[in-house]
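Asker: Got a structure for you, written out below as structure tokens; questions coming shortly.
In this note's numbering, the protein residues as written are 1 to 93.
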């Protein structure tokens with residue numbers, strides 16, 4: 001399953017800051033349809049993502065009926081909270 005969307009970077013300030021992009025509702029609904037085939041536990045869904053020229057593998061975190069895409073260090077080094085990013089993403093089934 002291949003998806004593309006644009007959204008703002010969200011900063012979560014915990015013991016260490018984490019950065020995410022929320023997957024929009026429509027795309028989250030599509031992911032939920034295949035999540036049982038893709039998840040390896042705890043509801044996380046493995047994906048391959050690309051932002052600009054940086055490709056990375058990670059897992060979506062379920063949150064409030066949707067999903068959050070965690071941003072790898074190679075991506076977030078040049079992004080700040082609130083910056084819009086365009087994501088190309090493939091759910092790994």
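A virtual CB, placed ideally from N, CA and C, is assigned to each residue, including glycine.
None of the values given here were measured: they were computed from a predicted structure.
1) Write down the C-beta distance between residue 90 and residue 47 rounded to the nearest angstrom, noting that I regard them as a contact closer than 8 Å.
2) Check for me: the beta strand (DSSP E) holding residue 48 runs from which residue to which?
3) Who are residue 73's beta bridge partners in DSSP?
4) For the candidate residues 88, 13 and 19, whose alpha-carbon lies nearest to that of residue 61?
5) Determine whether the Cβ of residue 34 lies closer than 8 Å to any Cβ atom of chain B.
Answerer: If we stick to the structure as given:
1) Counted from its first residue, the chain shown places residue 90 at position 90. Counted from its first residue, the chain shown places residue 47 at position 47. 6 Å between Cβ atoms; contact.
2) Within the chain shown, the letter at position 48 stands for residue 48. Per DSSP, the continuous beta strand (DSSP E) segment holding residue 48 begins and ends at 45-51.
3) Here residue 73 refers to the residue found at position 73 of the chain shown. Beta-bridge analysis with DSSP links residue 73 to no other residue.
4) Translated into positions along the chain shown, residue 61 becomes position 61. Considering only alpha carbons, the answer is 19.
5) Note that chain B does not occur in the displayed structure, where there is just one protein chain.
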